[in-house]
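Note sheet for the following structure.
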Amino acid sequence: MNQIKARSVRNPSLDVLRITAFFLVVSVHFFALSDYKKMAVGGPMMLLMSMAYSVAVCCVPLFIMLTGYLQTNKTLSKKYYLGITRPAATYILASVACLVFKIIKYSYPADIFSNARRILDFTASDYAWYMEMYFGLFLMIPFLNAAYHGMKDHGKKLILVVTFLVLTALPGILNTFNFVTEGWWSMPSVDRTYNKLIPGWWTTVYPITYYFIGCYLREFPLKLKKLMNLLLLVLAAALFGAYYFYRLRGGEFFYGAFITDGSLTVAVVAVLLFSFIAERDMRCLPSPLRKILEVVSGWTLAAYLVSQIFDVLFYPEFKELFPVMSDRIKAAPLVIFPVFFASLLLGGVIDGIYRLGEIGVKALVKLCRKR
3 MNQIKARSVR NPSLDVLRIT AFFLVVSVHF FALSDYKKMA VGGPMMLLMS
53 MAYSVAVCCV PLFIMLTGYL QTNKTLSKKY YLGITRPAAT YILASVACLV
103 FKIIKYSYPA DIFSNARRIL DFTASDYAWY MEMYFGLFLM IPFLNAAYHG
153 MKDHGKKLIL VVTFLVLTAL PGILNTFNFV TEGWWSMPSV DRTYNKLIPG
203 WWTTVYPITY YFIGCYLREF PLKLKKLMNL LLLVLAAALF GAYYFYRLRG
253 GEFFYGAFIT DGSLTVAVVA VLLFSFIAER DMRCLPSPLR KILEVVSGWT
303 LAAYLVSQIF DVLFYPEFKE LFPVMSDRIK AAPLVIFPVF FASLLLGGVI
353 DGIYRLGEIG VKALVKLCRK R
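Each residue of the sequence shown is one higher than the one before, starting from 3 at the first, in this note's numbering.
Structure (structure tokens):
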């Protein structure tokens, strides 16, 4: 009887994964908002920061893989499409919060038409691009699932994933070399002109790649021992961080294709980090803590969208307090954690408003049916 009860306990590992992904979102924004990217890349500290970046940049891939992991069995149905309600409502409420902030902070026009347009064109929040991508992915999910499950054995499903990695992730490595400029290999930052070796047209559909990876890991987890998984994760982060440092050394940080969300280097670290967290059995955690993780993980989408507010509020003060970039790097937790927690708190308020609205709508529908 106790064994049956134990199996029914919700494993909070996916909640931890979602919260971790959001923390990495806040962390990766530090690199842009602290003016880190304006510095010339060089020296031991910048090498360590490049390694840290190789982990932080996994934030969006983690979110998308988690979507595939959780949505892999969804099929075409009315119930499925109704599932867009919560993310859409969260997006609208978070956008309203961002617009109110911009009206107060930047004297944005307060007319309804202009602000409704900003919500519709995904400019209400600086991070609304994620929702623009997600809504399209949501519409494709039943068809992506049909394609994935249409592969009837392990080998074919692996080929599907590898095919998309070749299309979207491999060009970020193979198409970012220069075989013409003299001395390029000793200092790649001197010339950002590259010679294409393979087709790179499909790189922008990398969210589909990560979605399929999530589906695959749900069915075929890596099953690495915890220590081995951690060792591989640290090794990959160090190796690829050193590679980024090599590519950027001597120049300013820039978003080369080798360092973006869809790159193969990012995919490898993201998969190892995803597996390290998702495959851990955390049901032994105290029940109150599991509940807290479940609730907080539900705030992360709204927190992601409204984190821009706290970026604007906290970073100018942070940069004034630490005018020297090397000091900003050392003091990074002093701005990352406040943005993280403040965003989560506002995300919790938005989630609470949504839940109250949901209760109200259900009560209204029930009342109308009685009449």
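Built from N, CA and C at the ideal position, the CB exists for glycine as well.
Whole-number beta carbon distance between residue j and residue i, since they are thought to touch under 8 Å
i      : j      : result
Ser309 : Val28  : 6 Å
Val273 : Ile215 : 6 Å
Asn197 : Phe179 : 6 Å
Gly258 : Gly44  : Their Cβ separation, rounded to whole angstroms, is 17 Å, which puts Gly258 and Gly44 out of contact at 8 Å.
Ile352 : Thr92  : 6 Å
Phe25  : Phe342 : 6 Å
Leu160 : Tyr213 : Not confirmed; about 15 Å, so no contact.
Tyr317 : Ser36  : 7 Å
Phe103 : Ile311 : 5 Å
Buried versus exposed call for residue i [16 or more other C-beta atoms within 10 Å across all chains shown]
i      : result
Cys100 : buried
Pro173 : buried
His2   : As displayed, the chain neither begins before 3 nor continues past 373, which places residue 2 out of reach and without an answer.
Val182 : exposed
Pro190 : buried
Leu169 : buried
Met142 : exposed
Val271 : buried
Tyr246 : buried
Phe278 : buried
Leu323 : exposed
Leu295 : buried
Inter-residue spacing [alpha-carbon to alpha-carbon] between residue i and residue j
i      : j      : result
Thr22  : Phe320 : 23 Å
Lys283 : Val18  : The sequence shown places Asp at residue 283, rather than the Lys named in the question. Straight-line Cα distance between these residues: approximately 11 Å.
Val192 : Ser299 : 43 Å
Gln73  : Arg371 : 32 Å
Leu176 : Arg119 : 40 Å
Leu287 : Val30  : 29 Å
Val314 : Leu95  : 19 Å
Ser52  : Ala305 : 26 Å
Leu307 : Leu78  : 28 Å
Phe374 : Lys225 : Since the first residue of the chain shown is 3 and the last is 373, residue 374 is not available in this structure.
Gly264 : Val98  : 30 Å
Ile114 : Arg357 : 24 Å
Phe124 : Ala112 : 17 Å
Arg9   : Leu275 : Here the model assigns Arg9 a pLDDT of 44, short of 50, so the residue's position is not dependable and the matter cannot be decided.
Gly349 : Asn117 : 20 Å
Ser328 : Ala244 : 19 Å
Tyr132 : Gly85  : 17 Å
Met47  : Glu360 : 49 Å
Residue closest to residue i, alpha-carbon to alpha-carbon, out of the options
i      : options                        : result
Thr267 : Trp186, Phe115, Leu241         : Leu241
Phe256 : Phe25, Ala34, Arg20            : Ala34
Asn231 : Asp263, Arg220, Ala280, Leu199 : Ala280
Leu346 : Asn75, Tyr317, Ala365, Leu303  : Leu303
Leu336 : Phe32, Asn13, Arg12, Leu16     : Phe32
Tyr83  : Pro144, Val297, Tyr129, Tyr246 : Pro144
Tyr136 : Tyr356, Leu366, Arg88          : Arg88
Cys60  : Leu235, Leu250, Met327         : Leu235
Gly152 : Tyr208, Ile106, Asn75, Thr195  : Asn75
Tyr269 : Ala239, Ala333, Glu254, Lys81  : Sequence inspection shows Ala at residue 269; the Tyr mentioned does not correspond to that position. Cα-wise, what sits closest to Ala269 is Ala239.
Helix, strand or coil at residue i [DSSP, three-state]
i      : result
Leu231 : For the sequence presented, residue 231 should be read as Asn rather than Leu. The answer is helix: DSSP assigns Asn231 an H, G or I state.
Phe179 : strand
Val43  : strand
Glu254 : strand
Asn117 : helix
Asn197 : strand
Leu101 : helix
Met327 : helix
Thr74  : coil
Arg357 : helix
Phe138 : First, the amino acid is wrong: residue 138 is Gly here, not Phe. Residue state, collapsed to three classes: helix.
Asp17  : helix
Pro111 : coil
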